[in-house]
Every structure is written in C-alpha cells, then in structure tokens.
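Novice:
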Amino acid sequence: MSPVGPARTTIDPAGLSAAQCYQLLTGVVVPRPIAWVTSTGPDGALNLAPFSAFTMVSNMPPMVGINIGLRDGEPKDTSRNIEARGEYVVNIAGWEHHHAVHESGLPYPPGVDEAHELGLATTASDVVSVPRLVDARVSLECRLSQVVEFGRAGARFTVGEVVRFHVATDALDGFKIDTATLDPLARVAGPTYTRIGSVERLQGVQSVSG
Numbered sequence: 001m002s003p004v005g006p007a008r009t010t011i012d013p014a015g016l017s018a019a020q021c022y023q024l025l026t027g028v029v030v031p032r033p034i035a036w037v038t039s040t041g042p043d044g045a046l047n048l049a050p051f052s053a054f055t056m057v058s059n060m061p062p063m064v065g066i067n068i069g070l071r072d073g074e075p076k077d078t079s080r081n082i083e084a085r086g087e088y089v090v091n092i093a094g095w096e097h098h099h100a101v102h103e104s105g106l107p108y109p110p111g112v113d114e115a116h117e118l119g120l121a122t123t124a125s126d127v128v129s130v131p132r133l134v135d136a137r138v139s140l141e142c143r144l145s146q147v148v149e150f151g152r153a154g155a156r157f158t159v160g161e162v163v164r165f166h167v168a169t170d171a172l173d174g175f176k177i178d179t180a181t182l183d184p185l186a187r188v189a190g191p192t193y194t195r196i197g198s199v200e201r202l203q204g205v206q207s208v209s210g
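Under UniProt numbering, the first residue of the sequence shown is numbered 1, with each subsequent residue one higher.
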C-alpha cells in the first residue's frame, strides 16, 4: 500500500523570482528569532533595524550570524554601518516590543534614529562603541568577524563575535536563560509575529544532533 499524505503542490524554484522564493522560505522556516540590531552610521547617527534570518554560528568564541538582504538593489544602512565600523549590538526583542520591531523595519531615510523616533531608550555599551537598547532583556555586543555573500540576490550573511552579554537577571539561572521569562518575539510568514507557547523540558537529553 502506498503511503497517503496531504495533497501537495510541487514547485520548481528555477522558475521563481527572488520575492517568490522568499515568500516560500519564510513560510517554511518558522518561527524565526529576531535580531534587533543597533548600528552607528559614519555621521554618528544610530540605526535600529530587525532581521529575522538570525542564528547562532559558534559557541567558542560565541558568534552569531544575520542574513541581511539588499533594499532596491543597494546594501541596507545596517550592512553599511557594520562593515564600516566593525561593531554593532544584537538586541533580543520581547513580545511587548512587536509593534516597535515592525515599525523599525520600515524604510526610514538614512540618518534617522529609529530608536528615538519610536521612543526607545538606549545606553552605552561596555565594549563596543554602539549603544544598546535599555529595555531589551538580552543584548549582545558584537564585533564583525566576516561577511559572506550568498546567492544571486545579494544576501550578505554577517557574522559577529559576541564580546559582551547583557542578560536580564530574572531570566538567568547560572548560564541558562529561561525562555518563558525572556518571552522572545519571533517572526513567521509575512508581517506576522508570534511568541513562544507551551514549553516542555525533557530529561536526560542535553543536545540533539543529526
């Protein structure tokens, strides 16, 4: 007997546009954590922008990666700022920030301080020259390690070494972060956001790998 699954549509990506592939992938790779990045331009103006293609890259040294696409065929302000200064901060937004995160992703003119426009307080970082968000429960001060371009649409996978962790004390147990207390914001398909629901901790398994 042949296995029976749900009705399926088969799609060949060779005939799709970059936007169509983006729609499919961002509907499949869900939920995605959000890197709410502060960076500083050459004129000293602060920039704040969210990126949901964000992941851990290495644990020693601690490194994180963000995939930053182009806007109208040109590098985004965040890319320019990071590559010019070599420093930035990845802030982790909580669910209560979802409106501000969405609005910070709108195409503000260059030089506009999105954090100021949205009423978000910032404070000086310890190691890097770029400020971090006061209300973020986690902020990662980063130094640029490398930028790798992928594909034909100009995606720039930007990897930074974390040189300082800032973690809300009530979310920290030793070196473990309590996800429920962190209440991180996540992105799903389109301009749609979600939060972590039920969490189940399984005993006896420290890591899972394929």
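Glycine included, every Cβ here is placed at the ideal spot set by N, Cα and C.
Compare the C-alpha of P191 against each of A7, E103, E83, T10 and name the closest.
Specialist: Locating residue 191 in the sequence shown gives position 191, where the first residue counts as 1. Taking only the C-alpha atoms, the option nearest P191 is E103.
Novice: Roughly how many angstroms lie between the CA atoms of D178 and P33, to the nearest whole one?
Specialist: Reading the sequence shown from its first residue, position 178 is the one you call residue 178. Reading the sequence shown from its first residue, position 33 is the one you call residue 33. One C-alpha to the other measures close to 15 Å.
Novice: What does a CB cutoff of less than 8 Å around T38 pick up in its chain, not counting 5 residues either side in sequence?
Specialist: Position 38 of the sequence shown, counting from 1, holds the residue named residue 38. Once the five neighbours on either side are set aside, the close Cβ partners of T38 are L46, N47, L48, Y88, V89, N91, A115, T122, V130, P131, R132, L133.
Novice: Using only the alpha-carbon positions, how far apart do G94 and A7 sit?
Specialist: As a working note, residue 94 is residue 94 in the sequence shown. As a working note, residue 7 is residue 7 in the sequence shown. Computed Cα separation, rounded: 37 Å.
Novice: Pairing CB atoms from the stretch 160 to 174 with CB atoms from the stretch 187 to 201, are three or more of them under 8 Å?
Specialist: The stretch 160 to 174, when compared against the stretch 187 to 201, does not touch it at the 8 Å Cβ threshold.
Novice: What I want to know is whether the C-beta of C21 ends up closer than 7 Å to one or more non-hydrogen atoms of the ligand NAD.
Specialist: The ligand NAD is absent from the structure shown, which contains no ligand whatsoever.
Novice: Could you tell me if P61 is buried or exposed, where buried requires 16 or more neighbouring beta carbons within 10 angstroms of its beta carbon?
Specialist: Reading the sequence shown from its first residue, position 61 is the one you call residue 61. Exposed is the call here.
Novice: With DSSP as the reference, please indicate the residues paired to L133 in a beta bridge.
Specialist: The count along the sequence shown starts at 1 and reaches residue 133 at position 133. For L133, which the question treats as bridged, DSSP gives the partners T122.
Novice: Can you tell me whether N81 is buried or exposed, with buried defined as 16 or more other CB within 10 angstroms of its CB?
Specialist: As a working note, residue 81 is residue 81 in the sequence shown. N81 should be labelled buried.
Novice: Checking 8 Å against the spacing of the C-beta atoms, do P13 and C21 come in under that value?
Specialist: Against the sequence shown, residue 13 aligns to sequence position 13. Against the sequence shown, residue 21 aligns to sequence position 21. In contact: P13 and C21 (Cβ atoms closer than 8 Å).
Novice: Straight-line CA distance for E200 to L182?
Specialist: What you label residue 200 is simply residue 200 of the sequence shown in a count that begins at 1. What you label residue 182 is simply residue 182 of the sequence shown in a count that begins at 1. Distance between the alpha carbons of E200 and L182 is about 16 Å.
Novice: To the nearest whole angstrom, what separates the beta carbons of residue 255 and S125, a pair I think is in contact under 8 Å?
Specialist: Because the chain here runs from 1 to 210, residue 255 falls outside it and cannot be looked at.
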